[in-house]
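Below is one structure; the comments refer to it alone.
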Amino acid sequence: MVDKIRLHLRDQLLDEYCPHFGLPLGLDGHLCGFLAVSHEELIQQVALGKSDAELLEWCFLTRFRPTPMQRRIWNGFARKFGWRDMASSYLQQVKLEEELIGRDDLVTAFDLIDALEGRSGS
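Going by numbering that gives the first Met the number 0, the first residue of the sequence shown is number 0, and it counts up by one from there.
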């Protein structure tokens, strides 16, 4: 998410990412919700030139520092996002549009992102 924000600030974010940039129901929105920050606030902090570590510490100090259990729960949620949940129909729609509908191995948002960015088998 932070890399996309940096690209956005330099007007280099790929067109395919623009329609979903910072959407509340996507992974970016869920992560911001988990950390209790708005996407706009995060953009402001990135614009200040903060490193990834500084951004995370800003989130922790100003809003929310998750416990180890909360981090495990978040990681489990994020890893499975799109598999039998509210994002499943969206993933199917993108698979259809990208002619990947026969790819039964693409079941999560990360599976689909990896495939679209050339990081998974065909």
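Glycine residues also receive a C-beta, built at the ideal position from the N, C-alpha and C atoms.
Contact under 8 Å by Cβ, residue i with residue j
| i | j | result |
| --- | --- | --- |
| F63 | T107 | no |
| D27 | G21 | yes |
| V1 | V45 | yes |
| L111 | L90 | yes |
| L41 | C31 | yes |
| W73 | P65 | yes |
| E97 | L115 | yes |
| F109 | R78 | yes |
Environment of residue i [buried if 16+ CB atoms lie within 10 Å]
| i | result |
| --- | --- |
| C123 | Nothing about residue 123 can be reported from this structure: the residues present for the chain run from 0 to 121 only. |
| I4 | buried |
| L60 | exposed |
| A86 | buried |
Contacts around residue i, its chain only, beta-carbon distance under 8 Å, and the 5 residues preceding and following it disregarded
| i | result |
| --- | --- |
| L8 | I42, V45, A46 |
Close beta carbons around residue i, own chain, < 7 Å, minus the five adjacent residues each side
| i | result |
| --- | --- |
| L105 | K94, L99, L111, A114 |
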